[in-house]
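K.L.:
Structure in structure tokens, see below.
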Amino acid sequence: MDRVPSAAKGSREAFLAHAGELPCAAPQPPRVLVIDDNVALAENVCELLGALEDPRVVCDVVGSGGAALSLAEQYAIDVAFVDLHLPDTAGTDLSDELRRRCPFIEIVIITGDTTVQSAIRAVKTGAFAYVLKPFRGDELLETARRALAQAELCREREHLRAELERSEKRHREVVDAVPAFVLALGPDGDIVLWNRHLERVTGYAREEMLGQTGSHLVGDSGAERRLPLRDGGHRLIRWQRAVVSGGATNVSYAVGVDVTEEQAMLRRTLRAERLAAVGTLAAGLAHEVRNPLNSALLQLAVLDRRIYKGHGAEQLLSVSRLVKDEIVRLDRLVSDFLEFARPRPLKLATTSVNELVRGVLELVAVAADEQHVDLKADLGLRVGNISVEPERMRQVLLNLLQNSLDVMPQGGALTVRTHGPDPSGYVHVEVRDTGPGFSEDAPVFDAFYTTKEKGTGLGLAIAHRIVTEHGGQIHVRSTPGDTCFTIALPEQP
Ligand SMILES: Nc1ncnc2c1ncn2[C@@H]1O[C@H](COP(=O)(O)OP(=O)(O)OP(=O)(O)O)[C@@H](O)[C@H]1O
Ligand SMILES: [Mg+2]
116 MDRVPSAAKG
126 SREAFLAHAG
136 ELPCAAPQPP
146 RVLVIDDNVA
156 LAENVCELLG
166 ALEDPRVVCD
176 VVGSGGAALS
186 LAEQYAIDVA
196 FVDLHLPDTA
206 GTDLSDELRR
216 RCPFIEIVII
226 TGDTTVQSAI
236 RAVKTGAFAY
246 VLKPFRGDEL
256 LETARRALAQ
266 AELCREREHL
276 RAELERSEKR
286 HREVVDAVPA
296 FVLALGPDGD
306 IVLWNRHLER
316 VTGYAREEML
326 GQTGSHLVGD
336 SGAERRLPLR
346 DGGHRLIRWQ
356 RAVVSGGATN
366 VSYAVGVDVT
376 EEQAMLRRTL
386 RAERLAAVGT
396 LAAGLAHEVR
406 NPLNSALLQL
416 AVLDRRIYKG
426 HGAEQLLSVS
436 RLVKDEIVRL
446 DRLVSDFLEF
456 ARPRPLKLAT
466 TSVNELVRGV
476 LELVAVAADE
486 QHVDLKADLG
496 LRVGNISVEP
506 ERMRQVLLNL
516 LQNSLDVMPQ
526 GGALTVRTHG
536 PDPSGYVHVE
546 VRDTGPGFSE
556 DAPVFDAFYT
566 TKEKGTGLGL
576 AIAHRIVTEH
586 GGQIHVRSTP
596 GDTCFTIALP
606 EQP
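In this note's numbering, the protein residues as written are 116 to 608.
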């Protein structure tokens, strides 16, 4: 046991080191201070304490209250043996002063006074124990042991409390430092946490928001909600939520990111895309309209010339027929375009897939026969019904069949196959021909894409739209001699 006072330390530092606030400070040895004007007796006590098991314990001796306080200013004392009657102060007053300086100190009163009053006085000061002079060595040792253990416990408790406080503070700092909105709602939906980012952006201070109802501010996970701002206006926030069950209370945390700019940009992009699409459509339409118009104008010029030259009725009529054809073509183009650009709502009806296919096959049978196209149907027995607008679906199939016939003027094979439903509940209709096909990058579903002299290029664009509107998909695979369009539609059980 060391009896020399350790290097002087400020009491604040000592306190912080004891409380664990200075993580790098070396742990202080347990310190005992014996305060008695009878120095011989005090030294005696110190010597007895040398028998303590803990070799780190440092014991100091002082003869007055003043000297004791000046030591307490320098370092934290764990246990003080205080004589009740000191030359410069009463032991009870000194105890209070010592506690003020060393919050974890345990006081053991030493007194020769055996009256009940003195014992009561000692207990009232909050002393850990008191020993009577003359004392027995083993009694004193036992008291010191218990007092040191008690001081150690207090110090540990304080250390844990400080650690907890620091950890909470760190978490608060993280929550405040992240550039995201962090909000927590209590079980009643009241705001229990409102981080600094929220304060900064909304202009609403934490103090005024805590306790307010906050459920309306955050929706379900992934939902976007308007966050009102103090100076008017709002921001659009996408929230993610997490419920944390801690003890009896459930706190729901929500972390939000500002998607105001993102949404605005998305809207701008969509608008720009729509405008671009309208531009492409308009250009395509103008091009398609010009062809029959030019052709009609040319024919009218021919007609003029023939009238001047006094041609016969038949020669004049042949020209006017051509003009009429071009006008009919123009009319079809406009109708198709309107259908594409302004789709009407669907009038759904339960329809048998195979019957629908049979009906369309009948419509093209004669044309196929004339072209020497071998028209075949391979209709699956389990294929049931679909919920579609029959007229529109007929239009889709008719366009596919007509396209196939168009590319096989010298004959070939055209097969319509139905099968399904597949495990996902879709029925499939395949239209397959042995025509020349098209290259992979041909934009066959784009409006106005056509390779035909008199085609509008709207047939497949309309087909694509109709199938998608019915909740289905249309795909194509094409190689020379084998082109297959597949339509998948949800089966109606
Ligand atoms: N079965 C097919 N084989 C080869 N090419 C095809 C086939 N089906 C479509 N195409 C190509 O896709 C283009 C676009 O077809 P789409 O049905 O949209 O318009 P179109 O047939 O040209 O005109 P419209 O349908 O107005 O008569 C066709 O011009 C053709 O080049
Ligand atoms: Mg077509």
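Note that CB positions come from ideal geometry on N, CA and C, so glycine has one too.
Is any heavy atom of ligand 1 found at a distance shorter than 7 Å from the C-beta of Ala456?
P.N.:
No, the Cβ of Ala456 stays beyond 7 Å of every heavy atom of ligand 1.
K.L.:
Can you tell me where the beta strand (DSSP E) with Cys217 in it begins and where it stops?
P.N.:
Unbroken run through Cys217: none, as it is neither H nor E.
K.L.:
For Asn514, name the three-state secondary structure that DSSP assigns.
P.N.:
Of the three classes helix, strand and coil, the one that applies to Asn514 here is helix, per DSSP.
K.L.:
Just verifying my parser: in three-state terms, what is the DSSP assignment at Leu418?
P.N.:
Here Leu418 sits in helix by DSSP.
K.L.:
Does the distance from the C-beta atom of Val531 to that of Val468 stay below 8 Å?
P.N.:
Taking 8 Å as the Cβ cut-off, Val531 and Val468 do not qualify as a contacting pair.
K.L.:
Between Leu461 and His585, is the Cβ-Cβ spacing less than 8 Å?
P.N.:
A contact, by the Cβ cut-off of 8 Å.
K.L.:
Please state whether the Cβ-Cβ distance between Tyr368 and Val359 is less than 8 Å.
P.N.:
In this structure, Val359 lies closer than 8 Å to Tyr368 by Cβ.
K.L.:
What separation, rounded to the nearest whole angstrom, lies between the Cα atoms of Gln265 and Thr258?
P.N.:
Those two C-alpha atoms are separated by around 10 Å.
K.L.:
Under 7 Å Cβ to Cβ from Glu454, same chain only, skipping five residues before and after it: list those, please.
P.N.:
The answer, listed in chain order, is Ile577.
K.L.:
Out of Leu463, Gly301, Pro595, Val223, state which residue places its alpha-carbon closest to the alpha-carbon of Glu254.
P.N.:
For Glu254, the nearest C-alpha among the options comes from Val223.
K.L.:
What do you get for Met380, buried or exposed, if any count of 16 or more other CB atoms within 10 angstroms of its CB means buried?
P.N.:
Label assigned to Met380: exposed.
K.L.:
Assuming Val522 contacts Pro558 under a Cβ cut-off of 8 Å, what Cβ separation, rounded to an integer in Å, is found between them?
P.N.:
17 Å between Cβ atoms; not a contact.
K.L.:
Report whether the distance from the Cβ of Leu476 to the nearest heavy atom of ligand 2 is below 7 Å.
P.N.:
Not under cutoff, so the answer is no.
K.L.:
Taking 6 Å as the limit between beta carbons, can you name the residues of its chain near Glu221, skipping five residues before and five after?
P.N.:
Cβ within range, chain order: Val194, Phe243, Ala262, Gln265, Ala266.
K.L.:
Between the segment 308–316 and the segment 275–286, do at least 3 Cβ pairs fall closer than 8 Å?
P.N.:
Result no; under three Cβ-Cβ pairs closer than 8 Å.
K.L.:
Based on the DSSP output, what are the partners of Lys491 in its beta bridges?
P.N.:
Note: Lys491 sits in a beta bridge opposite Thr530.
K.L.:
Report back the beta-carbon spacing between Phe628 and Ser593 to the nearest angstrom; my notes put them in contact at under 8 Å.
P.N.:
Look at the range of the chain in this structure, 116 to 608, and you will see that residue 628 is not part of it.
K.L.:
Quick one: what does DSSP say Thr598 is sitting in, helix, strand or coil?
P.N.:
Thr598 falls in the strand class under three-state DSSP.
K.L.:
Cβ of Lys567 versus every heavy atom of ligand 1: is any distance shorter than 7 Å?
P.N.:
Within the cutoff, so yes.
K.L.:
Would Arg641 and Phe219 be called neighbours here (beta carbons separated by less than 8 Å)?
P.N.:
The shown model of the chain, from 116 to 608, leaves out residue 641, and the question about it has no answer.
K.L.:
Taking contact to mean 3 or more Cβ pairs, one atom from each stretch, closer than 8 Å, check whether the segment 440–456 and the segment 476–496 are in contact.
P.N.:
The answer is no - the segment 476–496 does not touch the segment 440–456, with fewer than three Cβ pairs under 8 Å.
K.L.:
If you count every other CB in all the chains shown that lies within 10 Å of the CB of Pro536, and 16 or more means buried, which is it?
P.N.:
Its Cβ being crowded by 16 or more others within 10 Å, Pro536 is buried.
K.L.:
Excluding the 5 residues preceding and the 5 following Gln378 in the sequence, name in chain order all residues of the same chain whose CB lies nearer than 6 Å to its CB.
P.N.:
Counting only Cβ-Cβ distances below 6 Å, and skipping sequence neighbours, we find Leu351.
K.L.:
Tell me where the alpha helix (DSSP H) around Asn469 begins and ends.
P.N.:
Looking at the DSSP string, the run of the alpha helix (DSSP H) that includes Asn469 is 468–485.
K.L.:
Would you call the segment 561–570 and the segment 394–408 in contact, with 3 or more CB pairs under 8 Å?
P.N.:
Taking 8 Å as the limit for Cβ pairs, the verdict is that the segment 394–408 does touch the segment 561–570.
K.L.:
Thinking Asp198 and Asp228 are a contact (beta carbons under 8 Å), I'd like their distance in whole angstroms, please.
P.N.:
With 8 Å as the limit, Asp198 and Asp228 do not qualify as a contact, their Cβ atoms being about 11 Å apart.
K.L.:
Would you say the beta carbon of Gly527 comes nearer than 7 Å to a heavy atom of ligand 1?
P.N.:
Gly527 Cβ: outside cutoff for every heavy atom of ligand 1.
K.L.:
For a test of your reading of the model: does the CB of Leu516 fall under 7 Å from any non-hydrogen atom of ligand 2? Yes or no.
P.N.:
No; taking the cut-off as 7 Å, the Cβ of Leu516 has no heavy atom of ligand 2 nearer than that.
K.L.:
Consider the C-beta atom of Leu575 and the heavy atoms of ligand 2; say whether any pair is separated by less than 7 Å.
P.N.:
Yes, the Cβ of Leu575 comes within 7 Å of a heavy atom of ligand 2.
K.L.:
What residues in its chain sit with their C-beta under 7 Å from that of Glu136, if we drop five residues either side in the sequence?
P.N.:
Note on Glu136: pLDDT 44, under 50, position unreliable in the model; no value is reported.
K.L.:
Any idea what DSSP makes of Pro608, helix, strand or coil?
P.N.:
Coil, per DSSP.
K.L.:
What do you reckon, is the C-beta of Gly570 under 7 Å from a heavy atom of ligand 2?
P.N.:
True, at least one ligand heavy atom lies under 7 Å from that Cβ.
K.L.:
Could you tell me whether the segment 598–608 touches the segment 498–518, where touching means 3 or more Cβ pairs closer than 8 Å?
P.N.:
Segments in contact, yes.
K.L.:
May I ask you to check if the CB of Asp451 is nearer than 7 Å to at least one heavy atom of ligand 1?
P.N.:
Yes; taking the cut-off as 7 Å, the Cβ of Asp451 has a heavy atom of ligand 1 nearer than that.
K.L.:
Would you identify the three-state DSSP class for Phe452, choosing helix, strand or coil?
P.N.:
Looking at Phe452 - three-state DSSP - the assignment turns out to be helix.
K.L.:
Assuming Ile192 is part of the alpha helix (DSSP H), what are its boundary residues?
P.N.:
Neither: Ile192 is in no alpha helix (DSSP H) and is coded neither H nor E.
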